[in-house]
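For reference, the structure is listed below as structure tokens.
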Amino acid sequence: MKTLFLAFTTLLFTQFNALACTKTLVMGTNETNWPPYLVKQGDTFLGTEVDAVRAIFKNSKFCIKWTYFPSFSRVQAELKNGRVDITYAASYTDQRAQYAHFSLPYREEIMLLYKHKDSADVTSLADLFSQDFTAGINRGSFFGDELEQLKTKYSKQVVLTAQANNRFSMLDKKRIDYVIEDSVVAQYFVKKHSSISQVKTITPINVNNVHFMLSKESLTLDDVATVNQLITKNEAAIKSIYQPMH
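Numbers -20 to -1, 1 to 226, taken from mature numbering (1 follows the signal peptide of the UniProt record, and there is no 0), label the letters of the sequence shown in order.
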């Protein structure tokens, strides 16, 4: 009888899990050291983005499988063909919207300019590039329309990297002159490298809301609607995760 009861309990637990999670979403990320948002330790992903995703999708029909790729450009390529279902902290662009759905926004992102202490204080991106300075940015990311135009004109001065720690290490060693980075992430690296500081003579490079980007190849509009409902439902929990960082 005890064995039968144990088997029945196990069956109920399995059925409960199946009901709680009926669809696994592959969450693509290129970050391994992007504190406090995301840090990869072995096969485990930690950070506020992970906490927010957990809070949003808790008790939903979706399970999340975090999967690493070497660059955000690669994440977008995999999203386009449906091998990645979802990615996070994505800025909306018309180009991305051709192959991806965008969720409701779930936090704000502020991109600022950072320099080595020996570099000049510039007043604009045009000023930066016209003086033949170099700027390190994340490969595949969007930093506003102005930078998109300048990237084409001054492509040899734009240094694309896949990891924030690489960008700031290069800046610390004077291999590049400036870095454009999320203000929250940059706080960590400014504390780590005493040679680096924010350029305060220039306005923020870009300020916008970020979203989940969902593959049109693997997810339906009903799935997108469900994700939006989860974001709205868990708005207070999301705010409590990100608010202490600002």
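C-beta atoms are modelled at their ideal positions from N, C-alpha and C, and glycine is treated no differently.
These numbers were taken from a predicted model, which means no experiment stands behind them.
Residue i versus residue j - alpha carbon distance
i: K41; j: L199; result: 13 Å
i: D162; j: D107; result: 21 Å
i: Y48; j: N145; result: 16 Å
i: S149; j: D202; result: 43 Å
i: E215; j: N208; result: 11 Å
i: L18; j: Y68; result: 11 Å
i: K20; j: N61; result: 25 Å
i: D74; j: I160; result: 22 Å
DSSP state of residue i mapped onto helix, strand, coil
i: F82; result: strand
i: F148; result: helix
i: V204; result: helix
i: F49; result: coil
i: T(-7); result: Note on T(-7): pLDDT 37, under 50, position unreliable in the model; no value is reported.
i: F192; result: strand
i: L26; result: strand
i: K133; result: helix
i: E89; result: strand
i: F(-16); result: Low per-residue confidence applies at F(-16): pLDDT is 41, beneath 50, and the placement is therefore not dependable, though the value from the model is reported in the following sentence. Note: F(-16) maps to helix in three-state DSSP.
For residue j and residue i, believed in contact at Cβ under 8 Å, the rounded distance
i: Y86; j: H191; result: 7 Å
i: L140; j: I117; result: 6 Å
i: R147; j: F52; result: Not quite, the Cβ-Cβ distance comes to about 13 Å (not below 8 Å), so this is no contact.
Same chain, Cβ closer than 8 Å to residue i, five either side skipped, listed in chain order
i: F82; result: A70, Y72, R76, H191, F192, M193, L194
i: P16; result: G27, T28, V164, V165, Y168, M225
i: V170; result: Y94, I176, S177, Q178
i: F(-8); result: Low confidence applies here, because F(-8) scores a pLDDT of 36, under 50, leaving its location unreliable and the question unanswered by this model.
Cβ-based neighbour list, residue i, same chain, cut-off 7 Å, excluding 5 preceding and 5 following
i: I44; result: L5, M7, V33, F37
Same chain, Cβ closer than 6 Å to residue i, neighbours up to 5 away in sequence not counted
i: H96; result: L151, K154, S175
i: T212; result: none
i: I66; result: L5, M7, F192, L194
i: D31; result: I221
i: E88; result: N189
Span of the alpha helix (DSSP H) around residue i
i: V19; result: It is not in any alpha helix (DSSP H) - V19 instead sits in the beta strand (DSSP E) that spans 18 to 21.
i: Y222; result: 215 to 222
i: K153; result: Counting along the chain, K153 falls outside any alpha helix (DSSP H), and DSSP gives it neither H nor E.
i: D106; result: For clarity, residue 106 is Ala in the given sequence; the question names Asp instead. Its alpha helix (DSSP H) spans residues 105 to 110.
Residue range of the unbroken beta strand (DSSP E) whose run includes residue i
i: D162; result: 158 to 162
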